[in-house]
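Some notes on the structure that comes next.
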Amino acid sequence: MRIVDLLIEDVAFGGKGVGRAEGKAVFVPFTIDGERVRARIVREKKQFAEAKLVDVVEPSAHRVPPPCPYFGRCGGCAYQHIDYEHQLTIKSRQVRDVLERIGKIRDLPLRPIVPSPDDYDYRNRITVHVEDGVIGFFRRDSHRLIDIERCPISREEINRALAGLRAQKPTNGHYTLRASPSARVFSQVNEKVASALCDLIRNLVPANQQLLIDAYCGAGFFAKALLDKFERVIGIDWDKFAITAARENATEKEIYIAGDVAAELTRANLTALSGQVPAAIKMSEPAARTLIVDPPASGLSAETRKAIVDLAPGTVFYISCNPATLARDLKKLQETFAIESVTPLDMFPQTAEIEVAVHLRHKGLVTR
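For the sequence shown, the numbering used here begins at 916 and goes up steadily by one.
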């Protein structure tokens, strides 16, 4: 395939630099906005092309040597060649671009991105794969494995566990390694940024709140951390193991339900919970109700979005790990809710992943 000279104009969500050749967008991994590069076209479509970096002709001042020997071959990290401050700039810009383009959101109230205190040595959980003696992660754009002895973005406890696994010569399969062996349910992989996220929500919760509904609650991370802000908390998750963990040390203020979120949110219109939720809370004003949704990367289903609108909470916090599906959902939700703020958080330094927290208020309750 042909080689092209490109000026990298931007870095798209997913981590690939974007240049233009003959009027067509060309995506090149491991490049930085402002760089001039040579790249080999490896896949060409009608409106865009994919290319492989051949040479950096004019490097960016933000380019740094990647500390991981597997970088570029391992499919995990995308940004180790970029200094951390510029990674934050790129991710913040990506959030703005996606929400404005897909979500059609005007005058986006974007707050500064929340950085990770640790840009390496932060992951408290990884899953490695074993196949015919190879122990590691999938290669970039491939289902083949690359053998990994140490992962620099993982905490030292994880790397010790990885060394121990390698010494055991395990059979083929998938192995989840955790910094805390007792944790067996979903938890945020970056504890310090998860704590900052919780503090952010705490500071934005209105006063005099009666009911919190924590959808996709897992083991109750938000519900338990915010318990003192509400008279009653309801957590909902499909994962029965997570719900069992949430119930283990639950107070009288907490109810945890294992079930489909859309169905349970519909019931949370407080008809099916008549025996569990005090009458005063059932009759409470919508302004005294807060909803947190933290869905998987696929975002909210149409049924879940409708349930949220019907529930009509005064305050909604939407936590997303996928700006594209977040933008799709906000496009629908903003018909009923006003977007108060959008805060990116760098939960996953060195990777192309972005966490975003959106604060919404019911339009009927927004002061004009």
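Ideal Cβ placement from N, Cα and C applies to all residues, glycine included.
Beta-carbon separation of ARG1276 and GLU1255 under 8 Å? yes
With the cut-off set at 8 Å, would you say ILE1068 and PRO1264 are in Cβ contact? Judged by their CB atoms, ILE1068 and PRO1264 are nearer to each other than the 8 Å cut-off.
For VAL1010 and ILE1296, believed in contact at Cβ under 8 Å, the rounded distance: Outside the displayed span of the chain (916 to 1283) sits residue 1296, for which this structure offers no information.
Please determine, among ILE1005, ALA1267, LYS1247 and THR1181, the residue with the shortest C-alpha to C-alpha distance to ILE1020. Per the C-alpha coordinates, the member of ILE1005, ALA1267, LYS1247 and THR1181 positioned closest to ILE1020 is LYS1247.
Could you say if the segment 952 to 966 and the segment 982 to 1000 meet the contact criterion of at least three C-beta pairs nearer than 8 Å? Output reads no: the segment 982 to 1000 does not touch the segment 952 to 966.
Have a look at the DSSP bridge pairing and note the partners of ASP948. ASP948 is not bridged to any residue.
Among ASN1039, LEU1060 and GLY1048, which one has its Cα closest to the Cα of ARG1075? ASN1039
Inside the segment 1197 to 1267 only - alpha helix (DSSP H) runs reaching at least 4 residues: 1217 to 1226 and 1238 to 1248
Which residues in the same chain as PHE1252 place their Cβ atom closer than 7 Å to its Cβ, once the five residues preceding and following it in sequence are excluded? Once the five neighbours on either side are set aside, the close Cβ partners of PHE1252 are VAL1231, LEU1275, ARG1276, HIS1277 and LYS1278.
Nearest CA to the CA of ASP998: which residue from ILE947, THR1091, LEU1023 and PHE1145? ILE947
Does the segment 1129 to 1140 come within contact of the segment 1165 to 1173, defined as at least 3 CB pairs closer than 8 Å? Yes: the two stretches touch, three or more of their Cβ pairs being nearer than 8 Å.
Does the segment 1143 to 1154 touch the segment 1231 to 1245, meaning 3 or more C-beta pairs lie closer than 8 Å? no
Taking the alpha-carbon positions, what's the ALA1267 to GLY1133 distance? 24 Å
N-terminal and C-terminal residue of the alpha helix (DSSP H) that ILE1116 is part of: 1106 to 1119
Identify the continuous alpha helix (DSSP H) that holds GLU1071 and give its terminal residues. 1071 to 1083
Output yes or no for whether 8 Å exceeds the beta carbon distance between ALA1272 and VAL1013. no
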